[in-house]
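Q:
Protein chains: 2
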Amino acid sequence: MEERDPSSRAVTDSEHIIEALSEGKNKRVRKLLARLHPAKIAALIERLDEERRAALWQQVDAELEERILPHLRAEPRKQLREMDQEDAAPAALLDAEAMPLAKHSEQGHLQAIREALAEGRLKRVGKLLHRTHPAKVAGLLEALPPGERRAVWSMVETERAGKVLTFLHEEICAGLAKDLDPDDLAASAQFLELDDLVDLIQSLPSDIGARLLAATGGRRRQQLEALLSYPEDTAGGLMNADPIEVRADVRVGTVLRYLRLLDELPPQTDMLMVVDRTGRYQGGLRLSSLVTADTQERVTDLMFTDLEGIPVDMPAAEVAQLFEDLDLLSAPVVDDQQHLVGRITVDDVVDRIREEADRSVMQMAGLNQEADTFGPILAGSRSRAVWLGINLVTALLAAGVISRFEATLQQLVALAVLMPIVASMGGIAGSQTLTLVIRGLALGQIQRGNLRLLFTREMGISVINGVLWAVVIGLLVFAWFNSAMLGGIIGAAILVNLLCAAAAGLAIPLLLNRLGIDPALAGGVILTTVTDVMGFFAFLGLATLWLA
Amino acid sequence: MEERDPSSRAVTDSEHIIEALSEGKNKRVRKLLARLHPAKIAALIERLDEERRAALWQQVDAELEERILPHLRAEPRKQLREMDQEDAAPAALLDAEAMPLAKHSEQGHLQAIREALAEGRLKRVGKLLHRTHPAKVAGLLEALPPGERRAVWSMVETERAGKVLTFLHEEICAGLAKDLDPDDLAASAQFLELDDLVDLIQSLPSDIGARLLAATGGRRRQQLEALLSYPEDTAGGLMNADPIEVRADVRVGTVLRYLRLLDELPPQTDMLMVVDRTGRYQGGLRLSSLVTADTQERVTDLMFTDLEGIPVDMPAAEVAQLFEDLDLLSAPVVDDQQHLVGRITVDDVVDRIREEADRSVMQMAGLNQEADTFGPILAGSRSRAVWLGINLVTALLAAGVISRFEATLQQLVALAVLMPIVASMGGIAGSQTLTLVIRGLALGQIQRGNLRLLFTREMGISVINGVLWAVVIGLLVFAWFNSAMLGGIIGAAILVNLLCAAAAGLAIPLLLNRLGIDPALAGGVILTTVTDVMGFFAFLGLATLWLA
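Those protein sequence lines, which keep their order, are chains P and U.
Counting from 15, one number per residue, gives the positions in the first sequence under my numbering.
Counting from 15, one number per residue, gives the positions in the second sequence under my numbering.
1) Of all the alpha helix (DSSP H) runs that stay within the bounds of the stretch 181-269 of chain P, which reach a length of 4 or more residues?
2) Could you tell me whether the Cβ of Leu107 of chain U comes closer than 8 Å to any Cβ of chain P?
3) Chain U beta carbons: is any one of them nearer than 8 Å to that of Glu156 of chain P?
4) Going by DSSP, what residue range makes up the alpha helix (DSSP H) through Val289 of chain U?
5) Ser395 of chain P CB to nearest chain U CB: under 8 Å?
6) List, in order along the chain, the chain U residues whose C-beta lies closer than 8 Å to that of Ile487 of chain P?
7) Check this for me: beta carbons of Asp263 of chain U and Thr314 of chain U, under 8 Å apart or not?
8) Would you tell me roughly how many angstroms separate the C-alpha atoms of Val510 of chain U and Asp546 of chain U, rounded to the nearest one?
9) Should Pro523 of chain U be flagged as near chain P, meaning a C-beta pair shorter than 8 Å?
10) Determine, using beta carbons only, whether Ile540 of chain U comes closer than 8 Å to chain P.
11) If you run the structure through DSSP and keep just helix, strand and coil, what is Val544 of chain P?
12) Check this for me: beta carbons of Leu448 of chain P and Leu556 of chain P, under 8 Å apart or not?
13) Can you find the residues in the same chain that come closer than 7 Å, C-beta to C-beta, to Leu299 of chain P, ignoring five residues on each side of it along the sequence?
14) For the stretch 424-435 of chain P, enumerate the residues whose C-beta is nearer than 9 Å to any C-beta of chain U, in chain order.
15) Pull up the distance between the alpha-carbon of Pro84 of chain U and that of Leu47 of chain U, whole angstroms please.
16) Per DSSP, what kind of secondary structure is Gly488 of chain P in: helix, strand or coil?
17) Give me the Cα-Cα distance between Ile503 of chain P and Asp327 of chain P, rounded to the nearest whole angstrom.
18) Using the beta-carbon of each residue, which ones in chain U are nearer than 8 Å to Ile391 of chain P?
19) Nearest to Ser397 of chain U by CA position, among U:Ala379, U:Arg466, U:Thr408, U:Ala412, is which residue?
20) What does a CB cutoff of less than 6 Å around Ala430 of chain P pick up in its chain, not counting 5 residues either side in sequence?
21) Mind pulling the chain U residues with CB within less than 8 Å of Pro159 of chain P?
22) In this structure, how does DSSP classify Val166 of chain P when only helix, strand and coil are distinguished?
23) Do we get a CB-CB distance below 8 Å when we pair Gly146 of chain U with the residues of chain P?
24) When you compare the stretch 190-202 of chain U with the stretch 355-374 of chain U, are there three or more beta-carbon pairs, one atom per stretch, that lie closer than 8 Å?
25) I'd like to know whether the C-beta of Gln352 of chain P is nearer than 8 Å to at least one C-beta of chain U.
26) With distance defined between alpha-carbon atoms, name the residue in P:Leu62, P:Met169, P:Lys39, P:Cys187 nearest to Glu384 of chain P.
27) Taking all protein chains shown into account, decide if Asp63 of chain P is buried (16 or more other Cβ within 10 angstroms of its Cβ) or exposed.
28) Have a look at Glu242 of chain U and Gln216 of chain U and give me their C-alpha separation to the nearest angstrom.
29) By the criterion of Cβ-Cβ separation under 9 Å, what are the contact partners of Ser374 of chain P in chain U?
30) What are the start and end residues of each continuous beta strand (DSSP E) run of 3 or more residues lying completely inside the stretch 444-480 of chain P, in chain order?
31) Which residue from U:Ile522, U:Leu208, U:Leu402, U:Ala493 puts its Cα closest to that of Arg235 of chain U?
32) Can you confirm whether Thr292 of chain P, when its beta carbon is compared against all beta carbons of chain U, has any partner nearer than 8 Å?
33) 8 Å is my cut-off, CB to CB: does Pro281 of chain P come that close to chain U?
34) Applying the criterion that 16 or more other CB atoms from any shown protein chain within 10 Å of the CB defines a buried residue, is Gln125 of chain U buried or exposed?
35) Hey, is the stretch 56-75 of chain P in contact with the stretch 123-143 of chain P, meaning 3+ C-beta pairs nearer than 8 Å?
36) Using CA atoms only, rank isn't needed, just tell me which of P:Gln237, P:Pro325, P:Lys45 is closest to Thr248 of chain P.
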């Protein structure tokens with residue numbers, strides 16, 4: 015009944031608008047405004063106080079403005095016109111900054127968005143966002159505190175929201191996806207390429223991801239499900255389902271006619287895939303060969319066959335190495351019968367390389383790379399506490415070693431002054447070997463065949479540096495405490511610890527690697543434990559022997 | 015005179031061959047062999063002892079073999095034939111392994127090369143190398159000790175040697191380039207793309223680089239000099255001089271005819287550059303648009319203009335970010351008048367991203383990323399000693415702090431047992447903040463506008479974790495030493511040190527950044543110094559106050 019009565023419906027909508035406005039749900043405000051007659055909007059505007067009136071006006075787009083203004087009384091009309099003029103003033107600046115390339119102008123752009131945000135000029139924010147690349151919008155969102163972030167997010171158009179989400183780190187992405195209306199999220203997902211959508215679904219909490227999948231229909235749904243079935247860190251997880259297939263025996267002219275029918279090729283298409291009648295991958299045909307070929311030539315004479323299909327289960331790290339080594343722009347992915355199942359493009363490989371590099375640096379400090387730099391304090395504390403707890407266990411181990419020598423320390427308190435030096439020199443030397451070995455393993459430089467050589471070299475370097483710093487520190491300590499004995503003890507301990515450090519730096523990553531644990535993650539903690547324990551033990555142990 | 019007497023020349027050549035062979039200069043041996051008549055070679059072979067005979071035979075290629083064998087006496091002929099058969103035996107294996115994609119078969123391939131090398135079967139090594147991608151050859155060379163490395167290097171064909179050099183780390187690259195005959199190096203450089211040649215010249219010692227430049231002629235020389243004039247870490251240093259230019263007002267049919275004349279497009283060509291009559295960049299024309307367009311359409315209707323030209327002086331890091339964000343395959347580079355000067359392709363950007371990631375990990379341990387993992391021990395010791403020396407200074411600082419509290423330590427030796435715990439917890443907490451801030455700066459997440467927010471968040475996390483671990487450690491110490499006072503002291507010290515650590519982790523990278531120093535390089539050392547000094551000072555200082 016209510017639905018049929020236009021005036022009652024308008025009242026309801028108006029109330030909804032005021033409610034959505036007060037909750038900061040700007041996208042919903044805009045949606046509701048679009049359903050309302052301009053005269054009703056004008057009436058609503060006149061009913062509002064000045065502050066809410068300005069906030070609502072920020073959600074009215076240029077076209078609607080023109081239709082509302084005639085319905086307004088002279089006084090509020092003048093007020094809103096003035097507001098718009100203020101907004102429009104730096105329009106020249108806006109144009110000059112379209113798609114800024116250089117970093118300094120980009121920072122100016124972001125600065126402008128932030129200023130508009132601070133002044134509550136959301137309309138201007140929307141205009142500026144519209145001219146900003148989704149990757150930059152994502153960067154801006156990540157740099158904002160949660161409150162402002164939601165405000166900016168509400169001004170991102172639905173068509174671009176999905177793309178922006180794909181550029182965000184996981185924690186932030188999930189938060190903003192939850193903020194969206196489920197319908198809007200589903201709508202924005204339809205603008206995504208299939209591989210981006212797969213990544214998005216995989217990075218969202220499973221309930222939201224499942225809803226996104228359910229909202230996709232037809233052939234796209236089938237392809238999506240196929241792509242989702244591959245593990246994220248394999249060739250299958252990196253690939254897209256959009257290769258363009260041609261047969262080897264057709265002529266160039268036929269291929270060109272076929273392509274013209276397609277009208278537009280998928281992004282990052284540098285080659286077509288040549289397959290046989292059963293869909294087996296046979297080779298590639300570069301667009302650059304196609305455009306330089308005569309229309310009478312056959313595909314079979316132009317195609318290249320020196321690039322094998324990438325097995326769908328190849329680990330993503332190997333895929334990245336392959337793209338790097340062979341300078342590929344795209345590559346075919348095949349199943350175990352050599353059937354073409356997809357295509358990997360270099361842009362996804364680049365993202366993957368960057369993420370890996372980021373992850374390893376963050377992991378070394380026990381941080382989660384997907385975490386929000388400006389997220390809630392409690393969530394941030396929890397993940398870091400784990401790492402501090404692990405470190406406490408190793409520190410207690412070292413303390414336990416020291417406590418066994420309390421009697422010796424009591425006799426000669428100078429030992430307490432010097433013992434951190436021994437531990438820290440060992441830690442530095444060990445981490446040098448560790449870093450070298452972890453990298454060597456990652457690059458494939460280190461193999462069974464040259465382990466012995468590597469061991470000899472690292473021990474050699476340790477002996478040289480061990481003797482060098484044993485002498486230097488021994489002399490320094492002799493000068494400082496005027497005790498040749500103390501100098502001798504610390505020198506000997508330094509040498510012992512540097513040798514142990516090199517051996518540990520070599521053995522730990524090899525062992526972790528064999529156990530299937532990423533040495534970059536746990537290697538550092540284990541190494542420091544070894545060098546601390548060995549450093550204290552060697553130094554205090556030698557002192558005990560000497561003093562006894 | 016000597017030149018005219020063939021027998022004397024042959025004698026001289028034979029001697030040269032024997033000399034080159036004994037020095038392991040296999041490339042020279044092969045060159046000399048090519049100049050000699052098969053009969054003379056046969057005579058030479060018969061004069062050699064068995065070992066050198068086998069070594070020489072390894073340098074004779076299949077074609078030459080057939081011409082030499084008839085000149086040999088029956089007995090050595092039989093011997094050499096048998097040797098060849100042994101070499102040829104695993105030919106099936108060779109074919110099956112051509113261009114191996116998967117890592118396991120790749121390792122088998124390298125293993126085969128190494129085995130052939132160990133058995134002195136250089137001919138087989140050469141055959142295997144020929145089927146290996148230059149990037150993999152480079153990887154193999156880096157994994158070999160210097161002696162074997164030179165042997166394998168001597169078997170790489172001149173046409174591929176230049177490409178292999180571009181994949182090597184600097185120190186190894188320079189060493190192997192010096193090993194080559196200057197003429198061979200110059201010859202191999204002519205097979206390189208211009209941007210690879212630029213990189214090679216820049217990574218070689220300046221005398222060798224200058225010689226390479228001098229050996230290049232004509233238009234290539236001019237382009238090379240132009241490219242070399244740009245700093246390595248800018249867009250100019252990344253670019254190649256091979257863009258294909260078209261005018262906006264021509265028709266697709268004309269463009270296609272022009273491309274057919276070129277016959278082959280430069281590698282990684284995904285778009286043509288549209289320029290005006292004066293060479294100013296106006297937009298891009300994707301090959302994928304070209305192949306789907308009608309021949310009557312004009313370039314101006316097909317080209318895209320939303321990608322600006324990259325300024326030639328844009329820092330390489332920004333170029334990489336741009337490629338990542340915009341998913342580019344290639345991009346135009348322009349001078350300050352918007353004239354098109356070159357083209358950057360994504361493969362070089364990928365290499366650059368990987369190198370940067372590698373460099374930052376290595377730098378954090380004070381290692382040089384370009385150094386040879388299997389290089390001479392003394393050279394390896396020197397670079398690491400610097401880092402150990404810097405660490406010693408900071409360790410002495412911490413020791414100096416401890417020594418001020420000798421009296422307190424004398425009173426309560428348990429303090430010596432516990433003080434490393436305080437220092438190490440601070441070190442871990444500080445490095446977490448440090449890593450987050452360094453990454454935030456690199457990603458552009460951290461700007462002036464949100465510093466205050468970041469500070470609040472990091473201090474908040476520190477307070478939570480500080481209180482948590484102060485209580486945990488305080489209780490543990492109380493239980494261990496049965497002293498509430500000691501538990502209280504260490505708890506308070508932990509809290510103080512974690513707060514200082516967060517402040518230092520935030521301030522150090524910001525300060526270094528403003529001073530133009532890479533925070534990833536020096537940040538860690540400075541931070542540990544602060545947390546060690548503060549940890550010892552807070553703990554022992556509080557203990558002194560309490561005990562007094």
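Beta carbons are placed, not taken as given, at the ideal position from N, Cα and C, and that holds for glycine.
A: On the basis of the coordinates in this document:
1) 184-193, 196-203, 208-217, 220-229, 232-242, 249-252
2) For Leu107 of chain U, the pLDDT reaches just 42, beneath the cut-off of 50, and the residue's location in the model is therefore unreliable, leaving the point undetermined.
3) yes
4) Where Val289 of chain U is concerned, there is no enclosing alpha helix (DSSP H), although the beta strand (DSSP E) it sits in stretches over 285-289.
5) yes
6) Leu406
7) yes
8) 12 Å
9) no
10) no
11) helix
12) Contact flag unset, no.
13) Val260, Met285, Leu286, Val288, Val313, Leu316, Met317
14) Gln424, Val427, Ala428, Leu429, Ala430, Val431, Leu432, Met433, Pro434, Ile435
15) 17 Å
16) helix
17) Taking C-alpha positions only, Ile503 of chain P is separated from Asp327 of chain P by approximately 56 Å.
18) Arg471, Gly474, Ile475, Ile478
19) Closest option to Ser397 of chain U, Cα to Cα, is U:Ala379.
20) Leu423
21) Asn464, Leu467
22) Of the three classes helix, strand and coil, the one that applies to Val166 of chain P here is helix, per DSSP.
23) Note that residue 146 of chain U corresponds to Thr in the displayed sequence, not to Gly. So, not an interface residue.
24) no
25) no
26) P:Cys187
27) exposed
28) At residue 242 of chain U the sequence reads Leu, which differs from the Glu that was named. Answer to the nearest angstrom: the Cα atoms are 8 Å apart.
29) Ala371, Val375
30) none
31) U:Leu208
32) no
33) yes
34) exposed
35) yes
36) P:Pro325
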